[in-house]
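**Student:** In the working numbering, the protein residues as written are 17 to 280.
Each residue gets a CB set at the ideal place from its N, CA and C atoms; glycine is no exception.
Computed from a predicted structure; not experimentally measured.
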């Protein structure tokens, strides 16, 4: 299924209300750039896509030029009936954004006060299921109550790993945490990001770690200036530089996700 100049060949099958989260224990691993590009590829396919930016830094919202000009109060964002008040169209067809803002720093406290604190995000997502084909979530880094909400609600949790020993360590921390919280670890999948193949550790990481991390997919996103330039263009790399190897790498990862979701 080729992807050239920002267009797709047809894809058979349709995914309804699938929830896909990008999650990492640590920041600075290309999580937000990945979720923006992957959600954009689904929207390009013609699917109705929502990207919920739960990270208080709001980078995904900023990349997609979605401003929370009249976003509801935090308490309202945790109520399915009022969450639509915060939805904003992006500059790209089929791609809607639920933007983040600084008030998201208080999300942990608001969640902790709820009786269903561990499942509130899932209830909100249930209220959006009829309006979108896919819901992508940019989860803030760290092992938190909000993160646990997302881990429970998602059908697939994608974890970007920089090919370093520290990143590997955070992966096992996450798996241990899921077991402790009784969250299904089988929904986890990992992929390599910010890969610099000039470095031996980066080149050899997959072959050395696949036995220790069987959930690690062979897909890798390169360290590339065109991804960094998303900050200048406020446009997904897969749109602005569709022929670049980085955009093609995102497309190949998207294909792997698409195949995985068809099996769920």
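Going by DSSP, what residues sit across from residue 104 in a beta bridge?
**Tutor:** Here residue 104 corresponds to residue number 88 of the chain shown, with the count starting at 1. Residue 104 pairs with 113.
**Student:** Tell me where the alpha helix (DSSP H) around residue 274 begins and ends.
**Tutor:** For this step, residue 274 is matched to residue 258 along the chain shown. Residue 274 -> alpha helix (DSSP H) spans 261 to 278.
**Student:** Quick check on residue 176: buried or exposed, where buried means 16 or more other Cβ atoms within 10 Å of its Cβ?
**Tutor:** Counting from one through the chain shown, the residue named residue 176 turns up at place 160. Buried: at least 16 other Cβ atoms inside 10 Å.
**Student:** Hey, out of 212, 226, 150 and 137, whose CA is closest to residue 57's CA?
**Tutor:** The sequence position of residue 57 within the chain shown is 41, counting from 1. Taking only the C-alpha atoms, the option nearest residue 57 is 150.
**Student:** Quick one, which of 260, 255, 232 and 254 has its alpha-carbon nearest residue 272's?
**Tutor:** Along the chain shown, read from residue 1 onward, the residue named residue 272 stands at position 256. Minimum Cα distance to residue 272 is reached at 232.
**Student:** By DSSP, does residue 245 sit in helix, in strand, or in coil?
**Tutor:** Start at 1 with the first residue of the chain shown, and residue 245 comes out as number 229. Note: residue 245 maps to coil in three-state DSSP.
**Student:** Spell out the partners DSSP gives residue 76 in its beta bridges.
**Tutor:** Taking the chain shown and counting its residues from 1, one reaches residue 76 at position 60. According to DSSP, residue 76 bridges with nothing at all.
**Student:** Quick one: give me the first and last residue of the alpha helix (DSSP H) that residue 6 is part of.
**Tutor:** In the structure displayed, the chain extends from 17 to 280; residue 6 sits before or after that span and is not available.
**Student:** With H, G and I counted as helix, E and B as strand and the rest as coil, what does DSSP make of residue 154?
**Tutor:** For the purposes of this step, residue 154 is identified with residue 138 of the chain shown, where counting begins at 1. Residue 154: strand per DSSP, three-state reduction.
**Student:** Mapping DSSP to helix, strand and coil, what is residue 82?
**Tutor:** Along the chain shown, read from residue 1 onward, the residue named residue 82 stands at position 66. Residue 82 falls in the coil class under three-state DSSP.
**Student:** Let me know if residue 200 comes out buried or exposed under the rule of 16 or more other beta-carbons within 10 Å of its beta-carbon.
**Tutor:** For the purposes of this step, residue 200 is taken as the residue at position 184 of the chain shown. By the neighbour-count rule (16 or more Cβ atoms within 10 Å), residue 200 is not buried but exposed.
**Student:** When DSSP builds the beta bridges, which residues end up paired with residue 206?
**Tutor:** Numbered from 1 along the chain shown, position 190 holds the residue referred to as residue 206. According to DSSP, residue 206 bridges with 175 and 232.
**Student:** Answer yes or no: do residue 39 and residue 72 have a C-beta to C-beta separation smaller than 8 Å?
**Tutor:** Position 23 of the chain shown, counted from the start, is the residue given in the question as residue 39. Position 56 of the chain shown, counted from the start, is the residue given in the question as residue 72. No, the Cβ-Cβ distance between residue 39 and residue 72 is not below 8 Å.
**Student:** Confirm the yes/no value for this check: CB of residue 190, any heavy atom of the ligand ADP, distance under 7 Å.
**Tutor:** Within the structure as shown, the ligand ADP is missing, as the structure has no ligands at all.
**Student:** With residue 254 as the anchor, note down where its alpha helix (DSSP H) starts and where it stops.
**Tutor:** The count along the chain shown starts at 1 and reaches residue 254 at position 238. Unbroken alpha helix (DSSP H) run through residue 254: 253 to 256.
**Student:** Output the distance between the C-alpha atoms of residue 152 and residue 206, rounded to the nearest integer angstrom.
**Tutor:** For the purposes of this step, residue 152 is taken as residue 136 along the chain shown, with counting starting at 1. For the purposes of this step, residue 206 is taken as residue 190 along the chain shown, with counting starting at 1. Whole-angstrom Cα-Cα distance: 16 Å.
**Student:** Decide yes or no for the touch test of the segment 57 to 70 against the segment 101 to 113: beta carbon pairs closer than 8 Å, at least 3 of them.
**Tutor:** yes
**Student:** Closest to residue 145 by C-alpha separation, out of 257, 156, 97 and 154, would be which residue?
**Tutor:** The residue you call residue 145 lines up with position 129 of the chain shown. If we check each option's Cα against that of residue 145, 97 comes out closest.
**Student:** Rounded to whole angstroms, how far is the Cβ of residue 127 from the Cβ of residue 172, which I believe are closer than 8 Å?
**Tutor:** The count along the chain shown starts at 1 and reaches residue 127 at position 111. The count along the chain shown starts at 1 and reaches residue 172 at position 156. Contact flag wrong, Cβ pair sits at about 22 Å.
**Student:** For residue 69, write down the residues that DSSP places opposite it in a beta bridge.
**Tutor:** The count along the chain shown starts at 1 and reaches residue 69 at position 53. DSSP output for residue 69 lists 154 as bridge partner(s).
**Student:** Does the segment 66 to 83 come into contact with the segment 236 to 254, if we say contact requires no fewer than three beta-carbon pairs (one atom in each stretch) closer than 8 Å?
**Tutor:** yes
**Student:** Under 7 Å Cβ to Cβ from residue 74, same chain only, skipping five residues before and after it: list those, please.
**Tutor:** By 1-based counting over the chain shown, the position of residue 74 is 58. Contacts found: 115, 116 and 117.
**Student:** For residue 33, which residues in the same chain have their Cβ closer than 6 Å to its Cβ, ignoring the five residues on either side in sequence?
**Tutor:** To locate residue 33, count along the chain shown from 1; it is residue 17. The residues are 145.
**Student:** Which two residues bound the contiguous alpha helix (DSSP H) that contains residue 165?
**Tutor:** Reading the chain shown from its first residue, position 149 is the one you call residue 165. Note, residue 165: alpha helix (DSSP H), 161 to 169.
**Student:** Measure the Cβ-Cβ separation of residue 237 and residue 269 and say whether it is below 8 Å.
**Tutor:** Taking the first residue of the chain shown as 1, we reach residue 237 at position 221. Taking the first residue of the chain shown as 1, we reach residue 269 at position 253. Taking 8 Å as the Cβ cut-off, residue 237 and residue 269 qualify as a contacting pair.
**Student:** Taking residue 260 as the reference, which of 141, 163 and 240 has the closest Cα?
**Tutor:** Here residue 260 refers to the residue found at position 244 when the chain shown is read from its first residue. Among 141, 163 and 240, the Cα nearest to that of residue 260 belongs to 240.
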